[in-house]
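Protein chains in written order, with this note's numbering: chain A, 1 to 143; chain B, 144 to 222. The structure appears below as structure tokens.
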């Protein structure tokens, strides 16, 4: 069972964040290979595990850098807006140091600031065990 | 924000009643003004879209009567 444990200086202040590589989905890669196109290199991103997110989100910038094309649309509600239409993209989230690869359909949306470029939502967490151990500043994600 | 799939969304709306009658709860694949097919899973529909059209915009959509927005409690989302 692939599993990763991350220790941070202050889990309380930083939240459950980790570095991931966002790559094009396997089907995207296969389709590009058929046409002799080479997929762009994965984008290194800081991701936050967000149990308050129905779905996974990637910043617009990440989708553009990967050359992703939308495969769907959805409406989202946030604390400050309702029913905002967004594109969906097929992506792979790779955690290379931990031998974890997750394929999912991510929502493309702007994220505030430069710090977080990805939210890992409950679409991914539904396949996982997520343990938040606040007293020693660690969290564990197992698939 | 969804300009790239404007035509596909219009196509879905044109065919919505018909799709609800025969494919409620399934996933429809639409490219331009063509309803390409109906699939049991979202990933099957996406795979078919890539195999048929390549890395270009296409629409995979759950056929439902009432759209339910996805919820986000985080204020990191700038929308």
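Note that CB positions come from ideal geometry on N, CA and C, so glycine has one too.
| When burial is assigned at 16 or more other CB atoms within 10 Å of the CB, is residue 135(A) buried or exposed? | Here the question's residue 135(A) lines up with position 135 in the first chain. Looking at its Cβ environment, which holds fewer than 16 other Cβ atoms inside 10 Å, residue 135(A) is exposed.
| query | According to DSSP, what are the bridge partners of residue 85(A)? | reply | The residue you call residue 85(A) lines up with position 85 of the first chain. Partner(s): 75(A).
| said: I want to see whether chain A comes within less than 8 Å of residue 169(B), judged by CB atoms only; does it? | reply: The sequence position of residue 169(B) within the second chain is 26, counting from 1. No, its Cβ sits nowhere closer than 8 Å to a Cβ of chain A.
| task | Quick one: using the 10 Å Cβ neighbour count with 16 as the cut-off for buried, is residue 48(A) buried or exposed? | result | Indexing the first chain from 1 puts residue 48(A) at position 48. It is buried - the Cβ of residue 48(A) has at least 16 other Cβ atoms within 10 Å.
| message | Any beta carbon from chain E within less than 8 Å of residue 3(A)'s own beta carbon? | response | Annotation note: the requested chain E is absent from the structure, which comprises protein chains A and B.
| task | Answer yes if the stretch 49-56 of chain A comes into contact with the stretch 114-124 of chain A, meaning at least three C-beta pairs across the two stretches below 8 Å, and no otherwise. | result | yes
| message | Between residue 134(A) and chain B, is the shortest Cβ-Cβ distance under 8 Å, so that the two count as touching? | response | In the first chain, residue 134(A) corresponds to position 134, counting from 1. No, no contact with chain B.
| message | Can you tell me whether residue 95(A) is helix, strand or coil according to DSSP? | response | Translated into the one-based positions of the first chain, residue 95(A) becomes position 95. Residue 95(A): strand per DSSP, three-state reduction.
| Would you call the stretch 207-220 of chain B and the stretch 63-73 of chain A in contact, with 3 or more CB pairs under 8 Å? | The stretch 207-220 of chain B vs the stretch 63-73 of chain A: no contact.
| residue 36(A): contacting residues in chain B (beta-carbon distance under 8 Å) | As a first step, residue 36(A) is located in the first chain; it is residue number 36 there, counting from the start. Chain B residues near residue 36(A): none, gap ~11 Å exceeds 8 Å.
| task | Could you check the C-alpha separation between residue 138(B) and residue 129(A) for me, to the nearest Å? | result | What the structure shows of chain B is the stretch from 144 to 222, and residue 138(B) is not part of that stretch, so it cannot be assessed.
| message | Between residue 87(A) and residue 113(A), how many whole angstroms is the CB-CB distance? I'm expecting something under 8 Å. | response | In the first chain, counting from the first residue as 1, residue 87(A) sits at position 87. In the first chain, counting from the first residue as 1, residue 113(A) sits at position 113. Not quite, the Cβ-Cβ distance comes to about 21 Å (not below 8 Å), so this is no contact.
| field | Selected residue, minimal CA-CA separation from residue 95(B), among 26(A), 82(A), 79(A) and 41(A) | value | No answer is possible for residue 95(B): it lies beyond the span of chain B, which begins at 144 and ends at 222.
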